[in-house]
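Peer 1: Those sequence lines, one after another, are chains A and B. Its first residue numbered 10, the first sequence is counted upward by one per residue in this note's numbering. Its first residue numbered 3, the second sequence is counted upward by one per residue in this note's numbering. Ideal Cβ placement from N, Cα and C applies to all residues, glycine included. Take a look at this one; I'll ask things after.
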Amino acid sequence: MFVARSIPADHKDLIHDVSYDFHGRRMATCSSDQSVKVWDKGENGEWHCTASWKTHSGSVWRVMWAHPEFGQVLASCSFDRTAAVWEEIVGESNDKQRGQSHWIKRTTLVDSRTSVTDVKFAPKHMGLMLTTCSADGVVRIYEAPDVMNLSQWSLQHEISCKLSCSCISWNPSSSRAHSPMLAVGSDDNNPNLVGKVHIYEYNENTRKYAKAETLSMVTDPVHDVAFAPNLGRSFHVLAVATKDVCIFNLVPLRREPNSTSGPTKFDIQTVAQFEHHNSQVWRVSWNITSTLLASSGDDGCVRLWKANYMGNWKCTGILKGDGTPVNGTSNQHGMLTSPLGSANQTIQGSLNGTSASRYFFPPLEPPRAGSRWSSYAQLLPPPTLIEQTCDADTASHQLPHPRRRYTTRPLNPLPENEGD
Amino acid sequence: MWEIEELDVEPVTTVIPWVNSSKCRLGFEWGPGDMLFYETVKGGGPKGKVCPLIHVVRKDEEMYSPILRKLFNESHHIFVGLQRSQEESTSKPKTHQFVSISKNYRSVIRACIEELQHIAVSSAVSALTPQDYNQISILLAVELIWNLCEILFIEAAPAGTLLLHLLDWVQVHNAGVDDEAQELLHSEDPAQHPKFWDVVICYVLQGRIQEARQLLAKQATQKPAASSMFKTMDGLLKKMPVFNPSGNQTLTEFELKWGHWYEECNRHLEDSSFASNSNMETVCKILLGDKDTLLSQKKHLTNWYHFLVTRLLYTHPAVKPQDLQYYAQECMVLFLKNRIEPEPLDSILLAAFKFDILQVIKDCSIALNNWWFVAHLTDLLDHCKLLQSHNLNFGSNLREFLLLEYASGLFTHHSLWQLAVDYFDYCPEFGKAYLELHIERVSLDTERKALKVLRICEQRQMTEQVRSICKIMAKKSLHNNRLGSALSWSIRAKDAGFATLISDRFLEDYCSRGSFSDLELIDNLGTSMLLSDRLTFLGKYCEFHRLYGEKRFTEAAKLLLSLMTARLAPRSFWMTLLTDALPLLEQKKVIFSAEQTYELMQCLEELTSCSEQNERPSEQEDDIELTKVELLRLALARNLASAIVQEGSVNAF
């Protein structure tokens, strides 16, 4: 993995959240400067800020995209005790010429009396639903009954968690397999040993959300929770960011015949527990197929975790800063040139699993420092293969010249111009 | 040996510039092909000195090398061919089929290597990056390993044949001697060429006896004094027994014959037949497989596995597969004695010689930088039923694990993702789930791409994904004010609500502009107009306009009326419809019958009484509206009169 580019985000204060849209062509950033910015990826891979506007009257903690089925819709939540829904509309023609898009506020959700700490859209099969949680310990579920009219939101459910809430995660798998389910984490740091992660499940009969389970083993403050995509498994997988990184399997227990109305009970199995951050963990998040989990901790590192085919989880990658402080106001574009080169050296990666190395099984010997190619150098064919130069002039790049023993088949043409 | 399973090694570290990890938290976000990182706070953090950067971190770029894309593309064909042949054939597949598939894979690797080399040679300025050169050496190693796996596991050559294959393997991968031989033969006096003996010895080491003899003959003609020595050597080389797998000779017969020949060689050495020429003596000692002599030829052997094969050729030509590992281990240690630890390539080859397939796959996974090789090799070995001996379902899990990883990597590429679809298709356990998750993330930049993705989903009955794609496209078209496209996508998505909304937009547009866009689409709705009432109305209303345009007034009038009486038209649109009726009422010829006129009148009264109950519009609008109503009433009354007259007179006749 290597740093391909660095984008000056141009926020006047710290960034709190960066969110990709569903297809990865847009991103939204939010900051303590009370604004949200939307970025679009150009043909050449460059990011352009196409909208920037003041969204709240306090720090904006989180920003999230709705599923594109509902259009270009963002939700944000803030210290100002509100959450808001934004929709992109086709702007004036001169806006378009300047490459700018226009976002309008569709609603402000003002039910919370304290800072709104997280905002999440529910899985799309449930319709257009938005969930917020707040420091006063209330989870609120809103619905836009008419997806064509995003200015009407009704508060459908209010769940009182009694503990200050920091994060929510919907179980993304479809409702055919189970009722809608969400996990709520609490950053309450009272020393009382109460479980800090609660699982709520929708009950078809009462039409209410009821607590299905408390993860009693998690007693330290929790800052993030993340359900993994289900992949057709019979159990659910939940990652928790607390004083360590935890992965739990939630295995539904068979219901007793006479208690069909109660919430599902789960057998909760700790699959992995990592203390590598040696400090508070702030974020956990799965990649698309949940083959990789990323976590961010107070040690300033992001760690990547992967299971091998035996289901054993291991840390396969660490990302961390180089320690250079950022010098306030100097020309950022100028700064961006030199150190990137050195960042390029950073070893083969494990992002998205294209590199076969590392997490499958650890290597025989640690790679030599300095080159991301160093570990392959050990795989270089023996000298004769290399030293048969084709031409003395090309001595600087000596090449093997294998005997043409195989008649090589002409290559089939590539599927042409797949990009579109 | 070293243990691999539970070695704990530090994970790979990637450094992000301008981020001070000790002072901040690193925020991140997963993307489809990359990850975003940004500096954020611990708790509150000081205000002011901030310069937030967002860092895009990518995985390795090799997926983007155009030549490797050919490798991925070509091997995809072979992979799919293999899976299909397995599905179709009922009989037990033959070894030779697997060998030929294996050879196809290797020839694709070869083609890639040669193409890279061709680029390097043909362009004066180096067109290849250092990465490309590394890629060549990785591909060479991959091909070397694959070839050995093919011989040992897939071909599973028995004693006798085994060595012939290994000899081939060494020859192919140590082909440097051919260039030297060419240089030699093109020189003025080959026999006097300084490299003459090097080439002869290389040939002998590779068991290329005929070529060695031809060269020696050139020397012999120049040295009549030593002719008997050359004759003896030529005789030995000529007589050297080579196992013929297709002949009638049994392995025992071959070994016996070979033993005699070996004795003869030994006798000549002891007789000092070649003592006068040190090179000839060396050749003779090689023929005897003398360990020290072979080791003194390290520069010609270049690697321990060449040493191994040469040694086997001249000491144990009928080596059994199960004995290979002992010789391999010994030869490696002898050859590498100065080096402390074997390198990954060495240990991979050694694991292969030990027939430890799993170890080969594991080691390759670790040492190589992509899943291409392990995924395809493991799949092939799994088809050969070679992974089943490992406990339970393990074999197929390993295969699927590797294929899923490889295909997931392909999915991050803007065009290679289409290949990945087939790989997921052949992963019975999680393939479908992976495909569903990945394919809905493919960005639908154009209609063409959306249709491509849609077709893939439709072929696999992924109804939810099909619906979702259509819905997204409909929403997108509407966003860009392309109503026609939005309508056809929402029909595909069978989204009645959305179709109603777009139909309304069409009608609004009509009311403001007086004409329809996308008429052709609406005219050809067919049964799909039944998706929503409003859409049906839109379709029918357009049909009315068509009939009117074609001057089929009676039909048009009937249709217009039925739109209201069947309550298909929204009430808000009735006034428009009635206004449309005006010119028909004004025609000289009676178009609306008396009965139809009554019905029209009823519609008008219903509408006006209804609007009276509702809020009154502004006075000016009201005036216009009232005038319209008056005009309509007048026209209706007049039409009723003419209709009654006409109908009466018709009946009278």
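Do you know how far the Cα of B:Asp535 is from the Cα of B:Ala568?
Peer 2: Cα to Cα, the separation comes out at about 11 Å.
Peer 1: Going by DSSP, what residue range makes up the alpha helix (DSSP H) through B:Glu510?
Peer 2: Counting along the chain, the alpha helix (DSSP H) containing B:Glu510 begins and ends at 498 to 515.
Peer 1: Can you grab the Cα-Cα spacing for the pair B:Gly397 / B:Leu388, in whole Å?
Peer 2: Annotation note: pLDDT 49 at B:Gly397 (below 50); position unreliable, no value reported.
Peer 1: Look at the alpha carbon of B:Ser487 and the alpha carbon of B:Gly499, and state the distance between them as a whole number of angstroms.
Peer 2: Cα-Cα distance, rounded: 16 Å.
Peer 1: With DSSP run on the structure shown, which of helix, strand or coil describes A:Glu210?
Peer 2: The answer is strand: DSSP assigns A:Glu210 an E or B state.
Peer 1: Since A:Trp179 sits in a beta bridge, which residues does DSSP pair it with?
Peer 2: BP columns for A:Trp179 point to A:Leu191.
Peer 1: Do B:Ala354 and B:Leu150 have their C-beta atoms closer together than 7 Å?
Peer 2: It is a contact, given that the beta carbons lie within the stated cut-off.
Peer 1: Among the candidates B:Ser104, B:Pro68, B:Ile147, whose CA atom is the shortest distance from the CA of B:Ile121?
Peer 2: For B:Ile121, the nearest C-alpha among the options comes from B:Pro68.
Peer 1: Are any of the Cβ atoms in chain A nearer than 7 Å to that of B:His57?
Peer 2: Judged by the 7 Å Cβ criterion, B:His57 is in contact with chain A.
Peer 1: Skipping 5 residues on each side, what residues in its chain have a beta carbon closer than 6 Å to that of B:Asn641?
Peer 2: Result list for B:Asn641: Leu587, Phe594, Thr599, in chain order.
Peer 1: Using only alpha-carbon positions, find the residue among B:Pro95, B:Glu607, B:Ser611, B:Glu442 that is nearest to B:Arg1.
Peer 2: No statement about residue 1 of chain B is possible, as the shown extent of chain B runs from 3 to 655 and does not include it.
Peer 1: Excluding five sequence neighbours on each side, which residues of the same chain lie with their C-beta closer than 6 Å to the C-beta of A:Ala221?
Peer 2: Ile208, Glu210, Pro272, Thr273, listed in sequence order.
Peer 1: Does any CB atom of chain B fall closer than 7 Å to the CB of A:Asn353?
Peer 2: Low confidence applies here, because A:Asn353 scores a pLDDT of 33, under 50, leaving its location unreliable; read the following figure in that light. By this cut-off, A:Asn353 is not an interface position.
Peer 1: What are the boundary residues of the beta strand (DSSP E) that includes A:Tyr29?
Peer 2: Looking at the DSSP string, the run of the beta strand (DSSP E) that includes A:Tyr29 is 24 to 29.
Peer 1: Classify B:Ile359: buried if its beta carbon has 16 or more other beta carbons within 10 angstroms, exposed otherwise.
Peer 2: It counts as buried.
Peer 1: Among the residues of its own chain, which have a CB less than 6 Å from the CB of B:Ala558, if the five just before and after it don't count?
Peer 2: So the list reads Phe546, Leu549, Tyr550, once near-sequence residues are dropped.
Peer 1: Mind checking whether A:Thr126 and A:Cys142 have CB atoms under 7 Å apart?
Peer 2: The answer is yes: Cβ separation under 7 Å.
Peer 1: Once DSSP output is grouped into helix, strand and coil, what is the label at A:Asp229?
Peer 2: A:Asp229: coil per DSSP, three-state reduction.
Peer 1: If you draw a straight line from the alpha carbon of B:Gly35 to that of A:Gly51, how long is it in whole angstroms?
Peer 2: Using only the alpha carbons, I get a separation of about 15 Å.
Peer 1: Under a Cβ-count criterion, where at least 16 other Cβ atoms within 10 Å of its own Cβ denotes burial, should B:Met231 be classed as buried or exposed?
Peer 2: B:Met231 is buried by the Cβ-count criterion.
Peer 1: Since A:Gly309 meets chain B, which of its residues come closer than 8 Å, beta carbon to beta carbon?
Peer 2: By Cβ distance, chain B contributes Val21, Asn22, Ser23, Ser24, Lys25, Cys26, Arg27, Leu28.
Peer 1: Using DSSP with H/G/I as helix, E/B as strand and the rest coil, what is B:Tyr328?
Peer 2: Helix.
Peer 1: Do A:Leu202 and A:Thr223 have their C-beta atoms within less than 7 Å of each other?
Peer 2: No, these two residues do not count as a Cβ contact at 7 Å.
Peer 1: Taking its Cβ as the centre, do 16 or more other Cβ atoms sit within 10 Å of A:Tyr151, making it buried, or is it exposed?
Peer 2: Buried, because 16 or more other Cβ atoms sit within 10 Å of the Cβ of A:Tyr151.
Peer 1: Got a sec? Which residues, its chain only, sit under 6 Å from B:Gly29 by beta carbon, not counting five neighbours each side?
Peer 2: Result list for B:Gly29: Tyr40, Thr42, in chain order.
Peer 1: What does the alpha-carbon distance come out to for the pair A:Trp95 and B:Lys451?
Peer 2: Whole-angstrom Cα-Cα distance: 28 Å.
Peer 1: How would you write the range of the alpha helix (DSSP H) that B:Gln299 sits in, first residue to last?
Peer 2: Element bounds for B:Gln299: n/a, residue is neither H nor E.
Peer 1: Does A:Tyr318 get closer than 7 Å to chain B when you measure Cβ to Cβ?
Peer 2: Cβ-Cβ to chain B under 7 Å: yes for A:Tyr318.
Peer 1: Would you give the residue range spanned by the beta strand (DSSP E) that B:Leu28 belongs to?
Peer 2: Note, B:Leu28: beta strand (DSSP E), 27 to 32.
Peer 1: DSSP three-state call for B:Gln212: helix, strand or coil?
Peer 2: Helix.
Peer 1: For A:Gly332, which residues in the same chain have their Cβ closer than 8 Å to its Cβ, ignoring the five residues on either side in sequence?
Peer 2: The answer is none, since no qualifying residue turns up.
Peer 1: Spell out whether any CB of chain A is found under 7 Å from the CB atom of B:Phe655.
Peer 2: Here B:Phe655 scores only 49 on pLDDT, less than 50, and its place in the model is too uncertain to base an answer on.
Peer 1: When the Cα atoms are used, what is the spatial distance from B:Glu257 to B:Leu315?
Peer 2: Cα to Cα, the separation comes out at about 12 Å.
Peer 1: Give the range of the alpha helix (DSSP H) segment to which B:Gly237 is assigned.
Peer 2: From DSSP, the alpha helix (DSSP H) with B:Gly237 extends over 229 to 241.
Peer 1: Can you list, in chain order, the residues of its chain whose CB lies under 7 Å from that of A:Gln81, leaving out five sequence neighbours each side?
Peer 2: So the qualifying residues of the chain are Glu96, Glu97.
Peer 1: Cα separation between A:Glu213 and A:Ala219?
Peer 2: So the alpha carbons of these two residues sit roughly 11 Å apart.
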